[in-house]
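Since the structure comes first, as structure tokens, the remarks are kept for the end.
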Amino acid sequence: MPVQDDRARPGRESHGPARAARHAEPRTAGGSAPVARRGRPRSEAAERSIVEAVVTLLEEGLPLSELSVDRIARTAGVGKATIYRRWEGKEALFVDVVRSIEPVDPPLPGTSVRDDLVAMVETVRRRGLDKGSSALLHNVFAQMQSYPRLWDMYHRTSVAPRRRQMDEVLRRGVEMGEIRDDIDVDLLGDLFLGPMLVRTVLRSGGTPGAGSAEQMVDAVLAGVRGPV
112 MPVQDDRARP GRESHGPARA ARHAEPRTAG GSAPVARRGR PRSEAAERSI
162 VEAVVTLLEE GLPLSELSVD RIARTAGVGK ATIYRRWEGK EALFVDVVRS
212 IEPVDPPLPG TSVRDDLVAM VETVRRRGLD KGSSALLHNV FAQMQSYPRL
262 WDMYHRTSVA PRRRQMDEVL RRGVEMGEIR DDIDVDLLGD LFLGPMLVRT
312 VLRSGGTPGA GSAEQMVDAV LAGVRGPV
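Structure representation (structure tokens):
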């Protein structure tokens with residue numbers, strides 16, 4: 112008996128062509144073994160355009176709360192359906208944008224605890240200079256409560272790994288006697304990274320200039336240095 116194609120049956124149109132394409136199982140001429148499905152291929156160019164559109168709008172100063180799917184689609188030059196085929200909503204799209212825009216940190220020099228600390232603080236400074244990364248940072252911090260999934264992902268993929276790296280450097284400093292052992296490691300991390308984060312994320316006066324990472328690290332080290 113030939114297999115009847117439900118997509119041609121009257122009254123099935125209400126489910127839409129996309130759903131029909133997902134559930135239909137093409138078969139061979141004999142009606143037995145299924146053949147490879149010829150679904151619509153994902154367009155990497157379209158996805159890239161959508162992500163770049165979000166970054167562009169962020170760089171123009173638009174907060175996440177005002178980034179509607181309609182506006183993103185217009186900026187990317189695609190239809191809204193193209194976005195919804197790939198992401199379940201704005202927050203899922205923003206999560207992918209964060210993943211794509213986050214820079215890869217350079218390796219630490221490893222020459223001394225001070226040099227590693229300077230390198231980590233300098234990385235924060237340079238991220239503040241990057242227009243797209245800076246705009247994203249401002250939006251994530253300003254609207255973390257409105258987008259908990261976005262903040263959770265950002266913390267797991269960006270904040271936590273850098274914090275673990277900072278902890279390792281500080282513990283090495285304590286073991287080598289370069290840093291006092293009576294201060295909580297988490298607090299030490301805040302003391303070293305906090306000033307640059309405040310200057311790059313919370314202040315509107317611009318990112319500190321070259322050499323500021325060294326100044327901040329040396330100022331904190333002077334107060335937490337181990338016994339000579």
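Going left to right, the sequence shown walks through residues 112 to 339 as the numbering used here numbers them. The C-beta atom is built at its ideal place from N, Cα and C for all residues, glycine as well. Since we're looking at a predicted model, the values are computed, not measured.
Neighbourhood of residue i by C-beta, 7 angstroms cutoff - its chain only, sequence neighbours within 5 removed
{"i": "L175", "result": "F205, N250, Q254 and Y258"}
{"i": "M264", "result": "V206 and V209"}
{"i": "G320", "result": "none"}
{"i": "R283", "result": "V224"}
{"i": "V235", "result": "L304, M307, L308 and T311"}
{"i": "L178", "result": "V165, L168 and K201"}
{"i": "I294", "result": "V335"}
Contacts around residue i, its chain only, beta-carbon distance under 8 angstroms, and the 5 residues preceding and following it disregarded
{"i": "E163", "result": "A187"}
{"i": "D181", "result": "K191"}
{"i": "Q326", "result": "none"}
Contact check, residue i vs residue j, beta carbons under 8 angstroms
{"i": "V285", "j": "F303", "result": "no"}
{"i": "V296", "j": "L281", "result": "yes"}
{"i": "V270", "j": "V208", "result": "no"}
{"i": "E289", "j": "V224", "result": "yes"}
{"i": "L247", "j": "E202", "result": "no"}
{"i": "A156", "j": "E233", "result": "no"}
{"i": "I161", "j": "I183", "result": "yes"}
Cutoff 6 angstroms; reference residue i; Cβ partners in own chain excluding five residues on either side
{"i": "R291", "result": "V335 and G337"}
{"i": "D226", "result": "P220"}
{"i": "R149", "result": "Annotation note: pLDDT 39 at R149 (below 50); position unreliable, coordinate value reported separately. Counting only Cβ-Cβ distances below 6 angstroms, and skipping sequence neighbours, we find nothing."}
{"i": "L369", "result": "Here the chain comprises residues numbered 112 to 339, so residue 369 is not present and cannot be evaluated."}
Selected residue, minimal CA-CA separation from residue i, among the options
{"i": "L332", "options": "G320, S323, R283 and L228", "result": "L228"}
{"i": "S99", "options": "R197, R283 and E213", "result": "Any question about residue 99 goes unanswered here, given that the chain covers just 112 to 339."}
{"i": "T268", "options": "R159, V215 and G221", "result": "V215"}
{"i": "P217", "options": "L168, R237 and E199", "result": "R237"}
{"i": "L313", "options": "D301, F252 and R159", "result": "F252"}
{"i": "E170", "options": "D241, M231, D301 and E158", "result": "D241"}
{"i": "D301", "options": "L173, T222, M231 and R159", "result": "M231"}
Beta-ladder partner(s) of residue i, from DSSP
{"i": "I290", "result": "R336"}
Residue-chain proximity (residue i, chain B), Cβ-Cβ < 8 angstroms
{"i": "R310", "result": "Absent from the structure: chain B. Only one protein chain is present."}
task = Report yes or no: do three or more beta-carbon pairs, one from the stretch 182 to 200 and one from the stretch 265 to 280, lie closer than 8 angstroms?
result = no
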